[in-house]
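Student: I have a structure here, written as structure tokens, and I will follow up with some questions on it.
Protein chains in written order, with my numbering: chain A, 128 to 423; chain B, 94 to 398.
Now the structure itself:
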């Protein structure tokens with residue numbers, strides 16, 4: 128009887144052991160299950176400069192949504208737009224079922240936070256110097272699985288920028304004033320991306336330090352700084368700039384070195400993307416033309 | 094005592110003016126080409142706000158009335174901002190002025206319907222029109238987030254406009270017109286005093302209440318349109334300066350009005366100086382007017398009661 132009892136106990140113990148084992152086995156099996164094939168990546172890009180970087184990394188066919196400002200390269204025309212830079216239509220974007228959303232800084236920080244609440248992966252990219260741009264390209268490469276192309280793109284950019292810097296070092300640095308707004312008057316500091324670009328091309332930004340990257344400046348400070356070259360993106364006409372009260376003695380105005388978006392496309396120097404080499408070269412050409420005229 | 098106080102006030106005003114012009118030892122060019130135009134714009138704006146504020150408080154029998162209460166400022170700011178966000182920043186004063194005129198005719202239509210033009214119709218018509226354009230401004234702000242700077246410059250006051258030579262001539266012309274209109278408002282002081290009682294009484298002593306109210310409304314709208322077009326909306330001055338003036342000289346409009354012009358002009362000059370120099374960043378002048386003016390007014394209220 129006792130043996131019987133013992134056998135009974137043994138068998139129930141065995142049963143429990145068996146159940147436990149099978150659970151462990153199931154867990155093991157499930158963990159060994161081959162990984163799900165990755166879902167097709169669908170990117171929504173809200174920032175024009177990130178869009179340009181992604182196009183350079185051959186990712187255009189994975190982009191399913193853009194903002195209205197993303198106009199370069201021209202293939203972007205056929206990709207649906209989910210709003211403007213500062214006003215994103217959230218539903219239109221969610222409908223596209225993005226796997227990753229690439230956002231910029233500034234106004235888009237709030238949008239990025241909201242999207243994260245909805246469990247959508249958001250990557251914020253807002254480079255403010257060339258170094259940060261290289262890092263951003265590497266980062267985008269890592270996220271999209273295009274590390275090699277990102278590395279190649281960075282090397283290519285670094286080489287051309289080094290060449291420009293070499294030329295630029297020989298320039299007699301012209302003093303440059305970049306106007307982004309007229310009323311109120313606003314310019315850029317060296318902490319902004321475009322500020323570093325003005326300097327990299329061989330110029331000397333007249334407002335190296337401002338309390339913000341883009342800040343109000345006083346007209347009298349512009350007059351006192353006596354810039355040699357004015358780049359005006361405030362949509363004011365050259366005729367009007369020339370007739371501003373008290374500006375007539377500024378060398379750039381006296382000698383006619385005023386350039387607007389017609390002479391140098393703002394996107395080339397404001398966007399931290401692959402076209403920055405074009406922008407730097409264009410700036411260098413403007414500076415060099417000024418320097419040539421200074422020689423007796 | 095009275096003469097002493099007045100002369101102290103005048104000395105203070107002159108001192109503010111001199112510091113404003115000479116701060117930081119500007120070159121002669123900057124003094125004449127940048128600072129004096131800004132000084133003129135600031136003085137004119139302060140005068141208009143203080144003066145029209147005192148007239149509106151009397152005409153509408155409402156101590157909370159201010160130059161912006163009849164909606165003119167919102168309409169003007171809307172026109173100005175619309176030009177700004179469309180990239181026509183040169184046309185901003187014209188847009189501002191046009192906006193003021195459109196608003197004026199709208200309010201006129203609303204207030205004058207049914208043989209009215211009494212003060213409540215005018216007030217309600219003005220407030221509702223103002224709200225309508227304020228909604229328009231919010232919409233523009235939402236649609237053109239990138240141009241927030243331009244929009245905020247108009248909504249919080251910006252006296253730092255750069256004039257081209259042509260623009261400056263136009264401004265001087267409008268400033269002369271404004272001074273003439275301000276003088277006309279002064280000449281109506283006694284009549285406005287009488288009108289602040291009942292319309293019936295004013296009518297019985299031979300004042301054509303309705304037509305005078307229309308005229309004051311139209312001409313003050315032109316004044317407000319001009320200042321908002323150039324300097325944006327600057328709060329506090331038009332509401333509080335007339336009360337400060339009344340604290341010192343009593344309720345007679347003949348005295349309140351010129352003192353309001355004077356205090357408005359130099360108070361705004363002081364605020365603009367502070368806005369430019371208190372931090373490295375130039376602050377919107379509308380923020381400074383309230384930040385300094387409110388504690389001062391609280392002190393005045395406590396002292397007098």
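Backbone N, C-alpha and C fix where the C-beta goes; we use that ideal spot for every residue, glycine too.
Measuring only between beta-carbons, confirm whether residue 199 (chain B) sits less than 7 Å from chain A.
Tutor: no
Student: Can you find a C-beta in chain B that's less than 7 Å from the C-beta of residue 319 (chain A)?
Tutor: no
Student: Take residue 456 (chain A) and list the residues in its own chain whose beta-carbon comes closer than 8 Å to its own, dropping the five residues that flank it on each side.
Tutor: An answer regarding residue 456 (chain A) cannot be provided, because it is not within the stretch 128 to 423 covered by chain A.
Student: For residue 382 (chain B), collect the residues of the same chain with a Cβ closer than 8 Å to its Cβ; drop the 5 residues on either side in sequence, then sort them by chain order.
Tutor: Short of 8 Å from the beta carbon of residue 382 (chain B), and not among the five residues preceding or following it, lie these beta carbons of its own chain, in chain order: 250, 327, 328, 329, 330, 360, 361 and 364.
Student: Given that a residue counts as buried once 16 or more other Cβ atoms are within 10 Å of its Cβ, and exposed if not, what is residue 357 (chain A)?
Tutor: buried
Student: For the segment 171-204 of chain B, which residues have a CB atom closer than 9 Å to at least one CB atom of chain A, in sequence order?
Tutor: For the segment 171-204 of chain B, residues whose beta-carbon sits nearer than 9 Å to a beta-carbon of chain A comprise 177, 180, 181, 182, 183 and 185.
Student: Using the beta-carbon count (16 or more within 10 Å), is residue 139 (chain A) buried or exposed?
Tutor: exposed
Student: Residue 373 (chain B) and residue 193 (chain B) look like a contact to me (Cβ under 8 Å); what is the Cβ gap, rounded to whole Å?
Tutor: At roughly 34 Å, the Cβ-Cβ gap does not stay under 8 Å, so residue 373 (chain B) and residue 193 (chain B) are not in contact.
Student: Could you list which residues in chain B have their beta carbon closer than 8 Å to that of residue 342 (chain A), in chain order?
Tutor: For residue 342 (chain A), the residues of chain B that pass the 8 Å Cβ criterion are 374, in the order they occur in the chain.
Student: Given that a residue counts as buried once 16 or more other Cβ atoms are within 10 Å of its Cβ, and exposed if not, what is residue 276 (chain B)?
Tutor: Per the 10 Å Cβ criterion, exposed.
Student: Are three or more beta carbon pairs between the segment 162-176 of chain B and the segment 349-356 of chain B nearer than 8 Å?
Tutor: no
Student: According to DSSP, simplified to helix, strand and coil, what is residue 356 (chain A)?
Tutor: strand
Student: Go ahead and pull the three-state DSSP assignment for residue 315 (chain B).
Tutor: Residue 315 (chain B) falls in the helix class under three-state DSSP.
Student: Residue 332 (chain A) bridges to which residues according to DSSP?
Tutor: As DSSP reads the structure, residue 332 (chain A) sits in a beta bridge with A:303.
Student: Considering residue 436 (chain A), what are the terminal residues of the beta strand (DSSP E) in which it resides?
Tutor: Beyond the ends of chain A as shown, which are 128 and 423, falls residue 436 (chain A); an answer cannot be given.
Student: Assuming residue 268 (chain B) and residue 133 (chain B) make a contact with CB atoms under 8 Å, what is their CB distance in whole Å?
Tutor: The C-beta distance from residue 268 (chain B) to residue 133 (chain B) rounds to 7 Å, short enough to fall under 8 Å.
Student: So the beta strand (DSSP E) residue 191 (chain A) belongs to, where does it begin and stop?
Tutor: 190-193
Student: Can you tell me the Cβ-Cβ gap for residue 285 (chain B) and residue 152 (chain B), rounded? I've got them flagged as a contact below 8 Å.
Tutor: 6 Å
Student: First and last residue of the beta strand (DSSP E) that includes residue 226 (chain B)?
Tutor: Not the beta strand (DSSP E): residue 226 (chain B) falls in the alpha helix (DSSP H), residues 212-236.
Student: Is residue 262 (chain B) close to chain E, meaning its C-beta is less than 7 Å from at least one C-beta of that chain?
Tutor: The chain inventory of the structure shown lacks chain E, comprising the protein chains A and B.
Student: Just to check my reading of the structure: residue 216 (chain A) and residue 191 (chain A) have Cβ atoms closer than 8 Å, yes? What is that Cβ distance to the nearest angstrom?
Tutor: Residue 216 (chain A) to residue 191 (chain A), Cβ: 14 Å. No contact.
Student: The segment 353-385 of chain A: which residues have C-beta closer than 9 Å to a C-beta of chain B, in chain order?
Tutor: For the segment 353-385 of chain A, which is checked against every Cβ of chain B, the residues closer than 9 Å are 361, 362, 363, 364, 366, 367, 368, 369, 370, 371, 372, 373, 374, 375 and 376.
Student: From residue 128 (chain A) to residue 148 (chain A), what does the alpha carbon distance come to, in whole angstroms?
Tutor: Interpretation of residue 128 (chain A) is limited by its pLDDT of 47, a score under 50 that renders its predicted location unreliable; the figure taken from the coordinates is listed afterwards. In a straight line, the C-alpha of residue 128 (chain A) is about 30 Å away from that of residue 148 (chain A).
Student: Tell me the residue span of the beta strand (DSSP E) that contains residue 167 (chain B).
Tutor: Careful: residue 167 (chain B) lies outside any beta strand (DSSP E), inside the alpha helix (DSSP H) at 165-178.
Student: Indicate the three-state DSSP secondary structure (helix, strand or coil) for residue 189 (chain B) in the structure shown.
Tutor: helix
Student: Mind pulling the chain A residues with CB within less than 8 Å of residue 257 (chain B)?
Tutor: 367, 370, 371 and 372
Student: Run down chain B in chain order and give the residues with a C-beta less than 8 Å from the C-beta of residue 214 (chain A).
Tutor: The contact set of residue 214 (chain A) on chain B, defined by CB atoms closer than 8 Å, consists of 235, 236 and 238 in chain order.
Student: In three-state DSSP terms, what is residue 157 (chain B)?
Tutor: coil
Student: Can you tell me the Cβ-Cβ gap for residue 373 (chain A) and residue 123 (chain B), rounded? I've got them flagged as a contact below 8 Å.
Tutor: Contact flag correct, Cβ pair sits at about 6 Å.
Student: Tell me, please, whether the segment 205-222 of chain A touches the segment 230-242 of chain A by the rule of three or more beta-carbon pairs shorter than 8 Å.
Tutor: yes
Student: What do you get for residue 384 (chain A), buried or exposed, if any count of 16 or more other CB atoms within 10 angstroms of its CB means buried?
Tutor: buried
Student: Below 8 Å, how does it come out for the segment 268-279 of chain A and the segment 297-310 of chain A: are there three or more Cβ pairs, yes or no?
Tutor: no
Student: Taking 7 Å as the threshold (C-beta atoms), are residue 340 (chain A) and residue 319 (chain A) in contact?
Tutor: yes
Student: Give every residue of the same chain whose Cβ lies closer than 6 Å to the Cβ of residue 214 (chain B), excluding the five residues on either side of it in the sequence, and list them in chain order.
Tutor: 204
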